[in-house]
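One structure below.
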Amino acid sequence: MEFTEPAMRPPQEANSLFLRATQGCSYNDCHFCYVSRGYPFMAVKPEDLEHEAMAYKPFFSSNTKVYLTGSNPFVLPFNTLKTYIAAIRKVFPNFSELSMQSRIDDISRKSDAQLKELHMLGLAQLYIGTENGNEEVLKLMNKGHTAAQTVEELHRLDKAEIAYTTFYVLGLGGKGRGKASGLATAKMFNQVNPRRITTTGMTIFPNTPVAEMLKLGEYFEATEREKIEELLIFLENLNIDTFYDGIHYLNSLNYRFANSNKEFKRRVLEDIREILQNYSDWELEKMVNRKEKHSL
Ligand code: SF4
7 MEFTEPAMRP
17 PQEANSLFLR
27 ATQGCSYNDC
37 HFCYVSRGYP
47 FMAVKPEDLE
57 HEAMAYKPFF
67 SSNTKVYLTG
77 SNPFVLPFNT
87 LKTYIAAIRK
97 VFPNFSELSM
107 QSRIDDISRK
117 SDAQLKELHM
127 LGLAQLYIGT
137 ENGNEEVLKL
147 MNKGHTAAQT
157 VEELHRLDKA
167 EIAYTTFYVL
177 GLGGKGRGKA
187 SGLATAKMFN
197 QVNPRRITTT
207 GMTIFPNTPV
217 AEMLKLGEYF
227 EATEREKIEE
237 LLIFLENLNI
247 DTFYDGIHYL
257 NSLNYRFANS
267 NKEFKRRVLE
277 DIREILQNYS
287 DWELEKMVNR
297 KEKHSL
């Protein structure tokens, strides 16, 4: 089986053993998504995973962390995931942690007992595109799950002791929905326990449904000012012990800090308020040059 999608991983997994388990996204229908579009969802056979792990054996320690590729390998049935883990254990009997990406509804399809068992077998962390806490925005972007479901499924991961890093897209709802999104997303995350919340700024890439919505006048992009205002209201209201990571080439402001570090956070909030007050709209747009990136 030949994968055509370039393999990607979150920066936190830079030192992990990187195994090509799946490509693409089984859902592939979020209006804003440019990542897996054009790549059919495919999964390798467990024996192929074992062969791949074997090829890397000389280069990784026996207790390496392992990351499985693809936009949502966690969609695979429980038994397939168990067979994958067994294949990796054959080659790396002491691997320390397994991580992969998941959609919220991929978690729904596993029972509590199955989640717990996967954790006992080595599944340590899921990376999840929760995207936004505003129900209207999730519907507009055809995300395929609600914010209420996000809270419910993340609670189930807590119970199973599986950690999670979540992705949040600033400006996803477009013009006029920034502040409501920031507040709703903080309220959503305040009910759960993400290890890390990473953000990126909404960017409209060609050949996506949202690009078509833009042309038809059904969607209007949020300005950079509105995205920053959304970030401010989000951070002001986020009160859990987590790590905020806004370092991304599609963000105009790149902050990274532990949310429990109150003094550092106070300075970040002050900085954002000063930027909003002292920079013109044009200067804020230049900070990220988004138009050059999406070439629409
Ligand atoms: S679930 Fe993720 S990868 Fe799949 S279509 Fe939506 S944003 Fe893209």
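Mind the numbering: the sequence shown is residues 7 to 302 in my numbering, read in order.
Just so it is clear, CB atoms sit at the ideal spot from N, CA and C, and this is done for glycine as well.
Computed from a predicted model, the values in this text were never measured in an experiment.
Could you give the C-beta distance for residue 86 and residue 136, rounded to a whole number, given that I count them as a contact under 8 Å?
Within the sequence shown, the letter at position 80 stands for residue 86. Within the sequence shown, the letter at position 130 stands for residue 136. Rounded, the Cβ-Cβ distance is 24 Å, inconsistent with contact.
Closest to residue 145 by C-alpha separation, out of 36, 121, 224, would be which residue?
Within the sequence shown, residue 145 is the residue found at index 139, counting from 1. Minimum Cα distance to residue 145 is reached at 36.
By Cβ distance, which residues of its chain are closer than 7 Å to residue 128, with the 5 residues on each side in sequence left out?
Reading the sequence shown from its first residue, position 122 is the one you call residue 128. So the list reads 91, 101, 103, 104, once near-sequence residues are dropped.
Using a threshold of 9 Å, state whether the C-beta atoms of residue 256 and residue 250 are closer than that.
Start at 1 with the first residue of the sequence shown, and residue 256 comes out as number 250. Start at 1 with the first residue of the sequence shown, and residue 250 comes out as number 244. Going by C-beta atoms, residue 256 is not nearer than 9 Å to residue 250.
Between residue 220 and residue 227, what straight-line distance do the alpha-carbon atoms span, to the nearest angstrom?
The residue given as residue 220 occupies position 214 in the sequence shown. The residue given as residue 227 occupies position 221 in the sequence shown. Cα to Cα, the separation comes out at about 8 Å.
Identify the residues that DSSP records as bridge partners of residue 137: which are they?
On the sequence shown, residue 137 is found 131 positions in, with the first residue counted as 1. In DSSP, residue 137 forms a bridge with 174.
If you follow the beta strand (DSSP E) that residue 74 is part of, which residue opens it and which one closes it?
Numbered from 1 along the sequence shown, position 68 holds the residue referred to as residue 74. Run containing residue 74: 71-74, per the beta strand (DSSP E) assignment.
Assess, as a yes-or-no matter, whether the region 93-100 is touched by the region 56-71 under the definition of 3 or more beta carbon pairs within less than 8 Å.
yes
DSSP beta-bridge partners for residue 103?
Numbered from its first residue, the sequence shown carries residue 103 at position 97. 71, per the DSSP bridge assignment.
Rounding to the nearest angstrom, what Cα-Cα distance links residue 159 and residue 63 in this structure?
By one-based count along the sequence shown, residue 159 stands at place 153. By one-based count along the sequence shown, residue 63 stands at place 57. If I take the Cα positions, the gap works out to 35 Å.
Quick check: what's the CA-CA separation for residue 258 versus residue 209?
Here residue 258 corresponds to residue number 252 of the sequence shown, with the count starting at 1. Here residue 209 corresponds to residue number 203 of the sequence shown, with the count starting at 1. For residue 258 and residue 209, the distance between alpha carbons rounds to 12 Å.
In chain order, what residues of the same chain have a beta carbon less than 6 Å from the beta carbon of residue 110, not counting five sequence neighbours either side?
Here residue 110 corresponds to residue number 104 of the sequence shown, with the count starting at 1. Answer for residue 110: 151, 155, 156, 159, listed in chain order.
Looking at residue 143 and ligand 1, is the gap between the Cβ and the nearest heavy atom below 8 Å?
As a working mapping, residue 143 is identified with position 137 in the sequence shown. Outside the cutoff, so no.
CA-to-CA distance, residue 139 to residue 183, given in whole angstroms
Your numbering for residue 183 matches position 177 in the sequence shown. Your numbering for residue 139 matches position 133 in the sequence shown. One C-alpha to the other measures close to 12 Å.
Short Cβ contact (9 Å threshold) for residue 240 with residue 188:
Position 234 of the sequence shown, counted from the first residue, corresponds to residue 240. Position 182 of the sequence shown, counted from the first residue, corresponds to residue 188. Yes; because the gap between Cβ atoms is below 9 Å, this pair is in contact.
Helix, strand or coil for residue 110? Go by DSSP, reduced to three states.
One-based indexing of the sequence shown puts residue 110 at position 104. Reduced to three states, the DSSP call for residue 110 is helix.
Burial state of residue 222, where buried means 16 or more other Cβ atoms lie within 10 Å
Position 216 of the sequence shown, counting from 1, holds the residue named residue 222. Answer is exposed; the Cβ neighbour count stays below 16.
Alpha-carbon to alpha-carbon, residue 238 and residue 253:
The sequence position of residue 253 within the sequence shown is 247, counting from 1. The sequence position of residue 238 within the sequence shown is 232, counting from 1. When rounded, the distance between both Cα atoms is 15 Å.
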